[in-house]
Amino acid sequence: MNLKNKKILVTGADGFIGSHLVENLVLEGYDVRAFVYYNSFNSWGWIDYFPKEIKKSLEIFEGDIRDSYLVKRAMKGCQVVFNLAALVSVPYSYKAPKLYMDTNIGGLLNILEGARELNTERIVHTSTSEVYGTAKIVPISETHPLKGQSPYAASKTGADQMALAFYNSFDIPVSIIRPFNTYGPRQSARAVIPTIITQIAEGERKIKLGALEPTRDFNYVKDVVCGFIKVAMCDEAVGDVVNIGSGYEISIGDTGKMIAEIMGKEVEFQLDRERLRPSKSEVKRLVADISKAKKLLGFTPLYGGKEGFRKGLKETVNWFSNKENLKLYKSYRYNL
């Protein structure tokens, strides 16, 4: 599918990955409508920090993904929908599981129902590697069993299955992109990499973290955005799930050491029990099999492997170390 001359809707456009996707699409000359979460502050999230020329090129739609009427209005006139609107924090999902069901499953359902009426040409729905749970087989392919080890993971699993159900039942042209752990500029401090960087940047030398042993396949946001666009363009990905990863596995503890080395600081990692997941909920190992992405999409991560990860961390550190960016974060508290 050629995205040129298509009107593109991005939900969750005000968030971390969504804002990077929107920015990239605009710079590439696409016609974009950005669905942002309505709030009384009139904040557009990270879009507020875009250069004026990019903001002027955007159509902003303020609403709530849980409102079916507003979602349908936002979709009207758009041929392509990237759905990134979601609640994404695992710790907060322990506190508000119903909100996760309403947002992550209900929000997607509103898009799918809208697509039935509006004959939307392509939907790309965002999944997560958390749906796999702790790896039983590595690397993790798209056929790996799914296991909801948190309410967040369960809500995303439910949303993925709803997307596939609408493809099989109503021939809705939906593809599922399943990124492994994404990092980069603008990420919330609820995630481990910004948590480490912001604490060090604020002068802390005793860094509070949860479990250090779990491993992750971290993906720089530029690679993930590239994956989104490639999935949207790929007709063979319709009705299917595609992993996006780097293929490099590293523990949380070793990630922290690499960040400290890049920042030139000696630090000590201290266990903060508030940051630990319940024992049966901790996903202990994630590493992606991206052979399908390579075959279907021609996707190759530019930030893959150890050196690619180091390169992405350096860019991320540079962004967070900027005082204007750092002041937007609360490194002194645990962010759910």
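Just so we're aligned: -18 in the working numbering is position 2 of the sequence shown, and the numbers increase by one with no gaps anywhere. Every residue, glycine too, gets a C-beta built ideally from N, C-alpha and C.
* Give, in chain order, every unbroken run of the beta strand (DSSP E) that is at least 3 residues long and sits entirely within the region 234 to 279. => 248 to 251
* Asked: To the nearest angstrom, how far is it from the Cα of Lys(-16) to the Cα of Ile180?
  -> 43 Å
* Asked: Out of curiosity, what's the CA-to-CA distance linking Asn99 and Ala212?
  -> 16 Å
* Asked: To which residues of the same chain is Asn314 closer than 8 Å at the C-beta, ignoring the five residues directly before and after it?
  -> Looking at the sequence provided, one finds Tyr at residue 314 rather than Asn. Only Lys188, Asp252, Glu254, Arg255 meet the Cβ criterion.
* To do: Assign Ile117 to one of two classes, buried (16 or more other C-beta atoms within 10 Å of its C-beta) or exposed (fewer than that).
  => exposed
* To do: Mind checking which residues open and close the beta strand (DSSP E) that includes Val222?
  => 221 to 224
* **One or two residues paired with Lys188 in a DSSP bridge** => Gln250
* Asked: Which parts of the region 151 to 223 are runs of the alpha helix (DSSP H), unbroken and 4 residues or longer, counting only runs that do not cross its ends?
  -> 172 to 181, 201 to 213
* To do: Report the option in Val51, Arg46, Tyr49, His0 whose CA atom is closest to the CA atom of Asp28.
  => His0
* Asked: Going by C-alpha distance, which of Gln129, Asn22, Met55 is nearest Asp(-6)?
  -> Asn22
* **For Leu88 and Thr178, the rounded distance between their alpha carbons** => 33 Å
* Best match in Thr106, Leu316, Met142, Pro125 for proximity to Glu93 [C-alpha to C-alpha] -> Met142
* Runs of alpha helix (DSSP H) lying entirely within the region 23 to 78, each at least 4 residues, in chain order -> 32 to 36, 48 to 55, 70 to 75
* To do: Just grab the DSSP bridge partners of Asp11 for me.
  => Lys(-13)
* Asked: For Gly233 versus Glu193, is the C-beta distance shorter than 9 Å?
  -> yes
* Proximity to Pro174 [Cα-Cα], best of Ser135, Phe198, Cys206, Ser155 -> Phe198
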